[in-house]
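Using the UniProt record's numbering, read the sequence shown as starting at 1 and increasing by one per residue.
Don't be surprised by glycine CBs; every beta carbon is placed ideally from N, CA and C.
Here's the structure, in C-alpha cells; my notes come after.
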Amino acid sequence: MELIRRNMTFHDAGNYCVSLRARLVSIHSNAENQQVYALCKNVNQNCWIGFENKPSTGFMWTDSSPVTYIHFQPGEPDNWNGVESCVIMKVNNQYNGTWSDQDCDADYDRSYFVCKIPNGAVAPQTTTPVIHTTTHDSGVSILTTLPHNVPNDHKLQISGNNFVFGGKRIFLSGINKAWEAYAYDFGQAQYQYRRRAYQKVFQEIEQAGGNSVRIWIHMEGETSPQFDSSGHVTSTDEKGTLISDLRTMIHDAQQHNLFVFPCLWNAAVKQNFHQRLDGLIKDTSKLQSYIDHALIPMVKALKNETALGGWDIMNEPGGEMIQNVFSSDPCQDTRFLDNSGAGWAGHLYKAAEFQRFVNWQADAIKRTDPDALVTLGVWSGRPNMDKFGWRNIYKDSCLKHVGGRPMVLPKPTALSPQIVIQDLNKEITIVNTTPPKEAEENFFKYLEQKDVICKQDQRLGSMNDGGWNVCFSPPFGLHKPCIVYSFGIGTSWNFDDAASKIYGCRVLSFDPSLKDLHDHNRTALIAFKKIGIGDINGTNHYKGWRMKTLTKFIHDEGHDNTVVDYVKFDVEFDEWRVLLNILQENALKNVKQIGFEIHTKEFFKFKKNPRLETHSTQGDYLKMFRILKELEKANFRQFNYRLNPFGEFDSKTDKKKRSCCYELHYINMNFVSQKYTVKQSDLTANSTSKTSGLGQKVKH
C-alpha cells in the first residue's frame, strides 16, 4: 500500500495506479481500513479508495475483488445531485476513517489517493551494451550507446566551453522529467513501482533525439534522506535502497543513451516536510550530517556510472529567496531581484544561506569525485549572469567566498600553499602624535586588512551573529580530538553545537550572565559552566560574577601542555582587558586559532546609559591599536573580520558610516611550517617562497 501525494480526480488516480502496475486500494477488513486511514491521516488529507458505484453493478472495487467490508459515514452514500459515485476516505471530520461518495471527475474533488501494489512486481533487468557514437559534419557527437563503468575519458566532462564525451564534443538535449510520484520515486524500495513509467519516458526521450534527463531526488526530504527527531540526517533512507534505486534508474536511462542529472533538492514550493530542508539550509551541523551520511555515500557509490552526467544541487532556490536585501558584499546583495518574482514560495532565506548550502554540497561532491560535474537550476537569468544590472550570485567565486569551502580536492604542498602571507598591516601605524581623524581612519583600516589569506576559511554556525570563522587550511582546522573554548554564549549555541556535532570537538562553554542556567553538560561533548573570562581570578566587583583568566581556565581544565584548537570570546567591551591579560601571561602559546569581538566606545550608545562615554578619542584608538599590535608580536595573524551592521554609527571626525563592533579571527603562525605558506609578493612574481615557521612540540 502506498499513499500518492498528488491531487487527482478518481479516474486519473486509478490510471496513475495502473501505470505503477497497481490499483486503487481495496479494503476488506477494519484492520485494512485503519492501515489506509493511518496513511491519509499522516498528511491530514482525504484519500480516494478504489470503490465505485457503477450503474450496472452498484458499488464494486476497481480491482474486481469481492465486497466484504464497507465503512460509510452516517448519511452516506447520498449521491448528491446525482453526480457522486466514487468513494473517498475522510480524515478531517468527526467520522475519521469513514467513507463518503464524491464526484469522480470534478476538479473541486481532486484528492490524494492510495495504491495497492501487488507482491512480486518486478521490472525487466538491463544488459550492458558497448559504446558507439556517431559524428556529424558539425563535429558534434551524438550518443548512441553508453557503456557501464568505464574510465574517466568515457564520462561526461567539460573541455573549454564544451561538453565532451570519449574525447568528442557533445551537445546536451533533453528534458526535466522531475518526478513520477513527487518525492516518492527513490529510496524506501520505491523505484520498483515507478520503473516502468521511467523506462517509458526514457524511451520517448531517445526517440525524440534527446540524450539527457534531469530527475528530482529528495525534494524537501519526504522519504529521503533519513532524518532523526532532531532534524539531523542518519542515512540515505530507512530501508537503505536509495543508492541501488538510483543506480538502477541510471542503468535504465543508459539503455536509452541518456545522461542523468539527479537534482537533489527543491525550493520552488514549500510543502508538508519543508522543516527538514529548512534545517539543512539554516543549521550547518544538520547540513554536514546530510553530507556525511547521505551525499558522500551516494557520490562514492555512483561516481563510476557512465550515464551519470552530473549533480544538480537544487531546483530554483529563487523560489524561497528574500529579495531586495542590501549587503556591502556584492555576492549577498539581492536588491537587483526586487520585483523579479523571487520568493514566490516564501521569502525564507538570504542569498548567503543558499550559497553556503550549495557550496558545502558542491565541495563534498568534488572532494569525493574530482571529475564530477556540479550544477544548479535557477528560474531566471537574473541571478545567473553579470549583465543588464543582474548578478551571478552562484558563480564559483561567490559560492567559495560566502560558503568558505574550496570545491576542489585540496593537495597542500610546498608548491600549493594554503596560507598566503600578506602582512599589509605593517604599513599602518598610530602613534602619540597621530591626528584624531587619521588615528580613527588608520584604526578601522587596520581592522579590515587581512595579514594572511586562509584558502579554506569557513564560517561555523550562523552566517550572522553567533557564528565564527575557522581556518581549515593545513595545519589548522578541527579534527578529533579537537578542543574549543567558547566564552560568551548569550542566546546562541550554534557555533558550539556545530563544532561538536560536525567535527566531534570537546567544547567548553562559559557565560556568567545566563541567569537561568547552571553548570551542566549540554551534550556529551559540550560542558557549560557559569563563569566568565576576565583579567582576574575572583568575583567581578560591578556584576558579582565569578571570573577567571584564560591561563587559569586552561590550567584548571588540564590543558597546560595540550593544543587548544580554538578560543572564542564575545564579552561586550571587556575584551580589551582580557586581551591585555592574555598577552601579559602568554596564555595563547598553545592555542591555534582565536576569534573575538572588539567594541569601540560608540558601543555604549546602544546601552543608553548617560554615564558612559560614547565617543572614542585619539588616545582610545591608540590603546586599542597597541593591544592588537601586541597580538601580532605574539605571531598571530588576522585571516578574517566581520563588522556587525547593527553597531553602525556616524563618525564625528569624518562623517563616515562605521561599526563599533567587529569580529576578528586570527591564526597562530607558530604552528605553521614553511611548506604551507607563501608570500603574496612571491605569488605576484609567479614563484613560491618558503617562509620560516617556529614549530612547537606540544601534545595533542
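Buried versus exposed call for residue i [16 or more other C-beta atoms within 10 Å across all chains shown]
| i | result |
| --- | --- |
| residue 621 | buried |
| residue 416 | Confidence in residue 416 is poor, its pLDDT being 42 and thus under 50, which makes the residue's placement unreliable; the coordinate value appears in the next sentence. Exposed, because fewer than 16 other Cβ atoms sit within 10 Å of the Cβ of residue 416. |
| residue 13 | buried |
| residue 250 | buried |
| residue 534 | buried |
| residue 491 | exposed |
| residue 640 | buried |
| residue 77 | buried |
| residue 107 | exposed |
| residue 481 | exposed |
| residue 370 | exposed |
| residue 612 | exposed |
| residue 362 | buried |
| residue 405 | buried |
| residue 237 | buried |
| residue 448 | exposed |
| residue 646 | exposed |
| residue 18 | exposed |
| residue 232 | buried |
| residue 211 | buried |
| residue 69 | exposed |
| residue 440 | buried |
| residue 365 | buried |
| residue 125 | Low local confidence applies: a pLDDT of 31 at residue 125 is under 50, so the model's placement there is unreliable, with the coordinate-based value given in what follows. Classification of residue 125: exposed, given that the 10 Å Cβ count is below 16. |
| residue 170 | buried |
| residue 28 | exposed |
| residue 81 | exposed |
| residue 516 | exposed |
Contact set for residue i: own chain, Cβ-Cβ below 6 Å, skip 5 residues either direction
| i | result |
| --- | --- |
| residue 323 | 334, 337, 338, 342, 343 |
| residue 410 | With a pLDDT of 43 at residue 410, under the threshold of 50, the modelled position of that residue is not reliable, and the figure given next carries that caveat. Once the five neighbours on either side are set aside, residue 410 has no close Cβ partner at all. |
| residue 663 | 597, 642 |
| residue 505 | 478, 482, 484, 499 |
| residue 219 | 183, 266 |
| residue 384 | 378, 392 |
| residue 228 | 234 |
8 Å Cβ cutoff met for residue i and residue j
| i | j | result |
| --- | --- | --- |
| residue 564 | residue 590 | yes |
| residue 376 | residue 259 | no |
| residue 331 | residue 393 | yes |
| residue 408 | residue 359 | no |
| residue 476 | residue 568 | no |
| residue 36 | residue 1 | yes |
| residue 3 | residue 117 | no |
| residue 278 | residue 187 | no |
| residue 715 | residue 382 | In the structure displayed, the chain extends from 1 to 700; residue 715 sits before or after that span and is not available. |
| residue 630 | residue 583 | yes |
| residue 222 | residue 273 | yes |
| residue 50 | residue 23 | yes |
| residue 465 | residue 581 | no |
Beta bridge counterpart(s) of residue i as assigned by DSSP
| i | result |
| --- | --- |
| residue 486 | 509, 568 |
| residue 74 | Note: residue 74 sits in no beta bridge, so no partner. |
| residue 2 | 115 |
| residue 517 | Answer is none; residue 517 lacks a bridge partner. |
| residue 539 | 546 |
| residue 178 | 215 |
| residue 262 | 215 |
| residue 598 | 662 |
Beta-carbon proximity list for residue i, same chain, < 7 Å, skipping 5 on both sides
| i | result |
| --- | --- |
| residue 519 | 528, 529, 530 |
| residue 697 | Interpretation of residue 697 is limited by its pLDDT of 30, a score under 50 that renders its predicted location unreliable; the figure taken from the coordinates is listed afterwards. None. |
| residue 523 | 500 |
| residue 216 | 178, 179, 263, 266, 315 |
| residue 94 | none |
| residue 560 | 554 |
| residue 422 | 450, 451, 452, 453, 680 |
| residue 189 | 239, 241 |
Sequence-distant residues of its chain with Cβ nearer than 8 Å to residue i (five each side left out)
| i | result |
| --- | --- |
| residue 202 | 213, 252, 253, 255, 256, 258 |
| residue 512 | 530, 531, 532, 540, 543, 545, 546, 547 |
| residue 54 | 60, 85 |
| residue 46 | 40, 88, 89, 90, 91, 92, 111, 112 |
| residue 138 | Confidence in residue 138 is poor, its pLDDT being 35 and thus under 50, which makes the residue's placement too unreliable to answer from. |
Touching by the beta-carbon criterion (3+ pairs, under 8 Å), the stretch 465 to 473 and the stretch 437 to 446: no
Can you confirm whether the stretch 263 to 270 touches the stretch 203 to 210 when touching is taken to mean that 3 or more C-beta pairs between the two stretches lie within less than 8 Å? no
Does the structure place the stretch 393 to 408 close enough to the stretch 346 to 357 that three or more beta carbon pairs sit under 8 Å? yes
Under 8 Å: do the stretch 562 to 579 and the stretch 644 to 653 share three or more Cβ pairs, one atom per stretch? no
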